[in-house]
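Just below is one structure, and these are the notes that go with it.
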Amino acid sequence: MYGLGIVKGMGITMKRFFKKKVTVQYPDVKPVLPERSHGSLGFDFDKCIACNMCADACPNGVIKVDFTKDEKGKRVLKDYNMNLGYCLFCGLCVKACPKDAVYFKKDFHMVCYQKCDTAYHWDRHEITNSAEDLPVDNIRDIEGKPISQGV
Ligand code: SF4
Ligand code: SF4
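First residue of the sequence shown? That's 1 in full-length UniProt numbering, and the numbers climb one at a time after it.
Here it is in structure tokens:
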């Protein structure tokens with residue numbers, strides 16, 4: 001029948017029109033995300049045992065773990081570095097961590113103006129991000145040569 005397609009299409013439109021909207025006016029309205037959303041990565045300094053498994057699991061050399069050893073030869077975390085500018089958010093580091101010290105946060109608003117602002121550094125007292133904290137020796141190109149990370 002002529003026009004049947006239009007009637008069907010309009011029927012679907014009207015049905016959707018009165019349903020609850022799933023979109024929000026971001027950034028004025030922030031969406032409520034599901035519990036297991038993958039946003040930025042977080043780190044808990046007190047849980048970390050400096051085992052380096054997260055850094056070994058990372059395919060992009062995003063993580064650098066600095067540690068010292070105590071008198072019994074046990075590793076003690078000194079500082080922890082992540083350059084999220086190179087992160088794939090694949091979650092392999094989160095899976096590899098035996099202490100849940102590295103985890104996904106719901107925070108997805110990670111835009112910044114400077115490349116150095118994607119590099120995070122944790123020590124016992126604070127989180128910082130600055131160009132000096134880039135784990136430069138960890139990032140390599142396809143031939144294994146270090147990539148210089150300008151600001
Ligand atoms: S999410 Fe993937 S790419 Fe990002 S730091 Fe973890 S292992 Fe590396
Ligand atoms: S895998 Fe977990 S405990 Fe081990 S160094 Fe990484 S964050 Fe720390």
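By construction, the Cβ of each residue, glycine as well, lies at the ideal position given by its N, Cα and C atoms.
Just reading off the beta strand (DSSP E) that residue i is part of, what are its end residues?
i, result
"Ala119", "Ala119 to Trp122"
Going by the beta-carbon positions, is the gap between residue i and residue j smaller than 8 angstroms?
i, j, result
"Lys106", "Gly39", "yes"
"Val65", "Tyr80", "yes"
"Leu42", "Tyr113", "For the record, residue 42 in the displayed sequence is Gly; it is not Leu. In this structure, Tyr113 does not lie closer than 8 angstroms to Gly42 by Cβ."
"Lys115", "Lys47", "no"
"Phe67", "Lys78", "yes"
"Val62", "Leu84", "yes"
"Ala55", "Arg75", "no"
"Asp28", "Ala101", "no"
What residues are listed by DSSP as bridge partners for residue i?
i, result
"Lys64", "Asn81"
"Leu41", "Phe104"
"Val76", "Thr68"
Which residue comes first and which comes last in the alpha helix (DSSP H) that contains residue i?
i, result
"Phe17", "Leu4 to Phe17"
Inspect the CB distances between the segment 87 to 94 and the segment 9 to 27 and report whether three or more fall short of 8 angstroms. Verdict: no, contact absent.
contact_flag[the segment 29 to 48, the segment 2 to 16] where n(CB pairs < 8 angstroms) is 3 or more: Because the criterion of three Cβ pairs below 8 angstroms is not met, the segment 29 to 48 and the segment 2 to 16 do not touch.
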